[in-house]
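Residue numbers (the numbering used here): 705 to 870. All C-beta atoms, glycine included, are put in the ideal place defined by N, C-alpha and C. Note that the coordinates shown come from a computational prediction; the quantities given were computed from them, not determined experimentally. Scroll down for the structure; my scribbles are underneath it.
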């Protein structure tokens, strides 16, 4: 492990000598992640990208990509675009990235089941804003908005999210 790694513990996430409260998936941590199980996958996951809402926040880092109207994430395990960003109109199962709430105003992308997704192994594991403290996610790791911004300003695309086995 390095100081640039984000290490999930049972009570918080540790990064650069600081501890950040966070929320994980409603299914807990799983070594056998499956689509729809709500679990946060155990393992070492590289941070591969950063997305942000340019109509709501300034670019959080030099490598951030704006979320545009019509940007979606495919979560259809039966489609070739599974676990990839796609554009509307998109007739297959997907999640909107440009949400009415603020959960995805800033998103860090991990390499979970990417770039060559295995059908049913679970789509995107993001690091994003939490709904409220302690409120579980669908498998992502969620933070207070100011903590997520602080982390984002200090990571690099090579940083890793380390999720120990349960």
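Item	Value
Could you check the C-alpha separation between residue 764 and residue 710 for me, to the nearest Å?	18 Å
Using 9 Å as the threshold, is the C-beta distance between residue 656 and residue 831 below it?	Any property of residue 656 remains undetermined from this structure, which presents the chain solely from 705 to 870.
Hey, out of 712, 725 and 719, whose CA is closest to residue 836's CA?	725
Of the residues 856, 800 and 827, which one's Cα is nearest the Cα of residue 741?	827
Look at the alpha carbon of residue 852 and the alpha carbon of residue 796, and state the distance between them as a whole number of angstroms.	30 Å
Can you tell me which of 801, 778, 821 and 766 puts its alpha carbon nearest to the alpha carbon of residue 737?	821
Using the Cα positions of residue 728 and residue 833, report the straight-line distance between them to the nearest angstrom.	11 Å
Would you report the Cα separation of residue 785 and residue 813, rounded to the nearest angstrom?	16 Å
At which residues does the alpha helix (DSSP H) containing residue 759 begin and terminate?	From DSSP, residue 759 is part of no alpha helix (DSSP H); its letter is neither H nor E.
Within this structure, are the beta carbons of residue 815 and residue 752 separated by less than 9 Å?	yes
Can you name, in chain order, every residue of its own chain whose Cβ lies under 7 Å from the Cβ of residue 792, other than the five neighbours on each side?	774 and 776
Is the CB-CB distance between residue 730 and residue 841 below 9 Å?	yes
For the beta strand (DSSP E) containing residue 775, name the first residue and the last one.	775–778
Hey, how far is the Cα of residue 787 from the Cα of residue 804?	21 Å
In or out: residue 747 buried (at least 16 other Cβ within 10 Å) or exposed?	buried
Can you check DSSP and say which residues form a bridge with residue 723?	718
Would you mind sorting residue 707 into buried or exposed? The rule is 16 or more other CB atoms within 10 Å of its CB.	exposed
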